[in-house]
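The letter at position 320 of the sequence shown is residue 320 when you use UniProt numbering, and the numbering goes up by one with no holes.
Note that CB positions come from ideal geometry on N, CA and C, so glycine has one too.
Structure first, then comments.
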Amino acid sequence: MNMASRGGRLIRLPSRTGGWRTDPEAGETANVAGIGGTRVVKDTLHVLLVEDEPGDARLVEYALRMSSAPVFMVKHVGTLAAAIEHIDSGQTVDVVLLDLSLPDSTGIATVSRMQEAASRTPIVIMTGMDDPRFASYALEAGAQDYLIKSDDPERTVGRAIRYAITRMAGQLERQALLERIAEQQRHLVEEVNAARAMQFDLLPRPERLDERLATLGVEVESFFEPSSGIGGDLWGCLDCGGPRMSFYCFDFTGHGIGAALNVFRLHALISDHWDPRRQPGEMLTTLSAALKGLLGRGQFATMFLCTIDTEAGEIEWASAGAPAPVMMLGQDSRFLDARGIPLGLSRSPGYREHREPFPPGAALFMYSDAITDSPVEGETLFGEGGLSEAIQGLLLRHGELRVDHLLDEVCRQVHMPFEDDLTAVCIRRLRGEG
């Protein structure tokens, strides 16, 4: 590829996942106001008796009148249509006693139609069929209990009504709990989406950088993907003026909301303390001291910071324990010395300054440890060995490293998906520029 024909620019690669789920299904929301907590025990229960046989109806009414507590107020109708009309009228119905052999409806369909009309009202079926399988079908259709007409109504009807009401109350409480959890999940997703958008806003943007990168003859190709919507990685660049520009990449312990909050902290500290006249090691020392008093126990960040001078043809850098970046020139590649104390562990860590040539055609690859720490087979990790082999193969085949090609190779070898936040940035000086 003729690199001289390209101007400097920033290339932000798209996500490789299905996307952070922004609209999770939480199920249909029913009207469950007042459900949950303490159940209300009524002294009087309103019973809708749906029975077309007058004799059976009288037996049931007599059995309910014999009950000492609670008091049953019975409304008797002879058809399913009349029952639905009574429910639609808005009158109180605490339980429905439903015969399955009505003039206008028979069988399991009767339960389904009644359940549609009164989805929050318990239904007790009364039938002359003593068939366990039929009883099972009726319960699946929405009934709370099943009575055989040949059984003693004085002994069974009151108990069945109380059981049906208790069972329905339990179902409604569980439904209300699930809906509250779903609502909380929706709020959490909305908050994570907002935080994710804010975190992505911290990343360099092509419209802000392309003109400056073109002047320097530098091309930057980047990929950024938090593992759980938001995460603890970030990369960025800082204009030093003239022929110089600085680049950094950092990674906090953990991922998710806690790590993302620390990302915003460090990004703010970089903005507050940045001085282009200072060397990378000095800057890291300042940031480490500032983070020391802010981070919780066990929290720290690894960071790599470099400054490229296209006029001098040099790169200077310092590292706070970051994954070792890869320097490339032609078909040669090697890892840089990235040893150093992570940020936030010491107020005066001290970092070694490095400097070496960075001529046109040279490239630097910064990345997070999601690549090297990904498992390949069993307990074997991809590691620096796998990364070096992948990069070397791409240099031999294409003459340069493209981040999308490298990620293709990594994804082909490691177990997916990545379990940590993934950042990959390649900075290259274009030939014939600068």
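Check: Backbone secondary structure at residue 366 - three-state DSSP; Outcome: strand
Check: Nonlocal neighbours in the same chain, by C-beta distance under 6 Å from residue 233, ignoring five residues either side; Outcome: 251, 368, 421, 423
Check: Status (buried if at least 16 other CB within 10 Å, exposed otherwise) for residue 425; Outcome: buried
Check: Beta-carbon gap between residue 325 and residue 358 smaller than 8 Å; Outcome: no
Check: Run of the beta strand (DSSP E) containing residue 73, from where it starts to where it stops; Outcome: 71 to 77
Check: Boundaries of the alpha helix (DSSP H) in which residue 435 is found, first to last residue; Outcome: What is shown of the chain runs 1 to 434, which leaves residue 435 out entirely.
Check: Status (buried if at least 16 other CB within 10 Å, exposed otherwise) for residue 172; Outcome: buried
Check: Simplified DSSP state of residue 15, which is helix, strand or coil; Outcome: coil
Check: Beta-carbon gap between residue 301 and residue 342 smaller than 8 Å; Outcome: yes
Check: Bridge partner(s) assigned by DSSP for residue 236; Outcome: 248
Check: Rounded straight-line distance, which links the Cα of residue 212 to that of residue 320; Outcome: 28 Å
Check: Beta-bridge partners of residue 317, as assigned by DSSP; Outcome: 306, 354
Check: Meets three-Cβ-pair contact criterion under 8 Å: the stretch 286 to 300 and the stretch 328 to 343; Outcome: yes
Check: Beta-carbon proximity check, residue 77 vs residue 86, cutoff 8 Å; Outcome: yes
Check: Extent of the continuous beta strand (DSSP E) to which residue 333 belongs; Outcome: 332 to 335
Check: Separation of residue 257 from residue 166, as counted between CA atoms; Outcome: 41 Å
Check: heavy atom of the ligand NAD below 7 Å from residue 256 C-beta; Outcome: The ligand NAD is not part of this structure, which contains no ligands at all.
Check: Inter-residue Cα distance where the pair is residue 104 and residue 176; Outcome: 34 Å
Check: C-beta atoms of residue 216 and residue 307 nearer than 8 Å; Outcome: no
Check: Nearest-angstrom Cα separation, counted from residue 189 out to residue 23; Outcome: Only weak support is given to the placement of residue 23: the predicted model assigns it a pLDDT of 41, under 50, and the question is left unresolved by the model.
Check: Residue 439 to residue 372 span [Cα, whole Å]; Outcome: Beyond the ends of the chain as shown, which are 1 and 434, falls residue 439; an answer cannot be given.
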